[in-house]
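If you count the sequence shown from 1, you need to add 40 to reach the working numbering.
Data first, discussion second: the structure below is written as structure tokens.
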Amino acid sequence: MATTPPTTNRTPLAGVLTLTFLASLGTGGVTNGVFFLTESAFGYGRSLNYWLALFMGVTYIAAALGAGRVVRFAGRRHARLNARTMIGIALGAVGLVCMLPSLATFATGEPQAWTIWVLVAVFSPATGVLWPLVEAYLSGGRRGGELRRAIGRFNLTWGFALVVVFWAMAPLVEGRPLTVLVALGVVHLAGIGLLVLFPSVPGAHSDEHHEPEIDPARAKRLLFVFRTLMPVTYLVLATLSPFFPEAAQSLGVAPAWRTPLVSIWMIARLGVFGVLGRWHGWHGSWWMPGLGWVSLIAGFAACVFGPRLGGDAGVWAFAGGLAATGIGMSAIYVGSLYYGMEAGSAHVDAGGTHESLVGAGYAIGPACGLGALWMTSGSEASFERVLVTIVVVVCVTISVGGLGALRAGRGVRRAGP
């Protein structure tokens, strides 16, 4: 009997975006905000936070790379274990494990640091499977201008969610940090109800309404460049995130304003998402990856060195660095996601490749931080300088190596028949 071809029916965009918002609250609170929580609840310093961040990155990349295989294997084993069901399982696992630190504290009478490692051990793989699936539902059955608009709204949605959670958690970080995790668990469990709007599998990637605005070969080259830079963006973020709590403290920022201050990079990124979602002049251009890279590295250096200035000058330098970092991240992220969906495919593997590059950055960044700590033996006088040097060298190496591979590949194609 012939197999019925996959439908091109699209998942309602409102459903995808609502689920994206709810799940992104957890991503912001755990992936980006957990270091404020561990500092407050468990007394973690820079070193332990970097180790936790490294653990988070390694588990995330493994899950993202295997997302497509997991879904296909589960589907072969049982017809009900389809993409929609896997999203539900991921949301349920995250929702329940977010309750663990509070339950352990209630049972023992004091915070249990091991619970945060268990949370990350579940959270990272679960979200590493979740986001490629959500991106597949987002892009399935959409192409060209419609795909661009959907991606623009998707970016605005999850970007806004991260800002919301960083402001919402601000009054709780100092006194009730584990309450933040409980709230995030409830939000993930509530998201399961939205799956009634999702078909069992993402819609097919249709070519019927494709708008060929740029040469396909150019689109693939741009995809290669943006994907080369993707680990750089999250390398920078993953290096900064464990650094943020101590930086904000050293600047003399009141506890209730530390996460709102750090959210400047999220707000800047959100603004660029809005601009790039409505203005498409960047489409097919080569200047955007270059602008994103320069802004990212300059912002990173300002964030690290800013606290050394102290006073108002330090706060302004830190805030400016956060804004520049957000601008650079958004430019590279939008380009990578768009060309990945437009020149690549809308399948889970396409989103998995995108998310695995995110995970690569999440793993390399903390490794840079730990390397700087080891090289300076914790010396405050030289840590920042060594950290910036290591990160810049690694970012340049990744970027130049990727561009060299692109040039070599083009040369081989020209030399061929």
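All C-beta atoms, glycine included, are put in the ideal place defined by N, C-alpha and C.
Keep in mind that this is a model prediction, so the values were computed, not measured.
Backbone CA spacing between residue i and residue j [nearest angstrom]
i: proline 347; j: phenylalanine 75; result: 18 Å
i: alanine 153; j: phenylalanine 358; result: 30 Å
i: leucine 218; j: alanine 364; result: 31 Å
i: alanine 130; j: valine 160; result: 13 Å
i: glutamate 79; j: asparagine 89; result: 8 Å
i: cysteine 343; j: methionine 415; result: 20 Å
i: phenylalanine 313; j: alanine 54; result: 18 Å
i: alanine 400; j: leucine 362; result: 21 Å
i: arginine 309; j: phenylalanine 200; result: 9 Å
i: glycine 292; j: proline 285; result: 11 Å
i: glycine 73; j: valine 440; result: 31 Å
i: proline 329; j: isoleucine 101; result: 23 Å
i: glycine 350; j: tryptophan 356; result: 10 Å
i: valine 137; j: valine 227; result: 12 Å
i: leucine 262; j: glycine 354; result: 37 Å
i: methionine 209; j: tryptophan 305; result: 16 Å
i: leucine 443; j: leucine 59; result: 36 Å
i: glycine 243; j: methionine 126; result: 16 Å
i: proline 165; j: tryptophan 157; result: 13 Å
i: glycine 380; j: proline 151; result: 42 Å
i: proline 295; j: leucine 77; result: 12 Å
i: arginine 216; j: threonine 145; result: 12 Å
i: arginine 188; j: valine 241; result: 21 Å
i: cysteine 408; j: proline 282; result: 12 Å
i: histidine 249; j: leucine 121; result: A caution first: histidine 249 carries a pLDDT of 46, below 50, which makes its placement in the model unreliable, though a value can still be read off. Going from the Cα of histidine 249 to the Cα of leucine 121 covers about 31 Å.
i: leucine 212; j: glycine 69; result: 12 Å
Cβ-based neighbour list, residue i, same chain, cut-off 8 Å, excluding 5 preceding and 5 following
i: leucine 57; result: Arg193, Phe194 and Thr197
i: alanine 412; result: Phe423, Val426, Leu427 and Ile430
i: arginine 289; result: The sequence as given places glutamine at residue 289; arginine does not occur at that position. Taken in chain order, the residues that qualify are Arg298.
i: glycine 85; result: Glu79 and Glu286
i: glycine 61; result: It is worth fixing the name first, because residue 61 is phenylalanine in this sequence and not glycine. These residues qualify, in order along the chain: Thr197, Trp198, Phe200 and Ala201.
i: valine 272; result: Trp333, Leu336, Ile372, Gly401, Cys435, Ile438 and Ser439
i: arginine 318; result: Gly192
i: tryptophan 91; result: Pro406 and Leu410
i: glutamate 214; result: Ser80, Pro295 and Ala296
Residue span of the alpha helix (DSSP H) that contains residue i, given as start and end
i: alanine 294; result: It is not in any alpha helix (DSSP H) - alanine 294 carries neither H nor E in the DSSP assignment.
i: tyrosine 177; result: 154-179
i: isoleucine 127; result: 123-137
i: proline 256; result: 256-280
i: glycine 68; result: First-last for glycine 68: undefined, no H or E at that position.
i: leucine 51; result: What sits at residue 51 in the sequence shown is threonine, not leucine. Element bounds for threonine 51: n/a, residue is neither H nor E.
i: glycine 225; result: 217-231
i: leucine 26; result: Since the first residue of the chain shown is 41 and the last is 457, residue 26 is not available in this structure.
i: serine 290; result: 284-290
i: leucine 212; result: 210-213
Neighbourhood of residue i by C-beta distance below 6 Å, restricted to the same chain and skipping five residues each side
i: glycine 391; result: Its pLDDT being 47, under 50, glycine 391 is placed unreliably by the model, and nothing is read from it.
i: proline 252; result: Because the pLDDT of proline 252 is 49, which lies under 50, any placement of that residue in the model is unreliable, and the question is left without a value.
i: glycine 405; result: Leu275, Ala278 and Thr279
i: glycine 366; result: Trp305, Ala308 and Arg309
i: serine 303; result: Val203 and Phe206
i: threonine 51; result: Tyr177 and Phe238
Own chain, CB closer than 7 Å to residue i, minus 5 neighbours either side, in chain order
i: leucine 331; result: Ala371
i: glycine 311; result: none
i: alanine 403; result: Leu94, Gly97, Val98 and Ile101
i: valine 432; result: Ile337
i: leucine 143; result: none
i: glycine 451; result: Low local confidence applies: a pLDDT of 43 at glycine 451 is under 50, so the model's placement there is unreliable, with the coordinate-based value given in what follows. Answer for glycine 451: no residue qualifies.
i: methionine 139; result: Val222 and Gly225
i: alanine 81; result: Pro151, Pro217 and Leu218
Taking contact to mean 3 or more Cβ pairs, one atom from each stretch, closer than 8 Å, check whether the segment 224-238 and the segment 324-337 are in contact. no
The segment 205-212 / the segment 284-302 touching (three or more Cβ pairs under 8 Å): yes
Three-pair Cβ contact test at 8 Å for the segment 366-373 versus the segment 330-340: yes
Can you find at least 3 beta carbon pairs, one from the segment 253-273 and one from the segment 78-97, that sit closer than 8 Å? no
Those runs of the alpha helix (DSSP H) which lie wholly inside the segment 293-364 and span at least 4 residues: 295-302, 304-318 and 327-349
Which complete alpha helix (DSSP H) runs does the segment 70-95 hold, if anything under 4 residues is left out? 74-82
Alpha helix (DSSP H) runs contained entirely in the segment 408-439, provided each spans 4 or more residues: none
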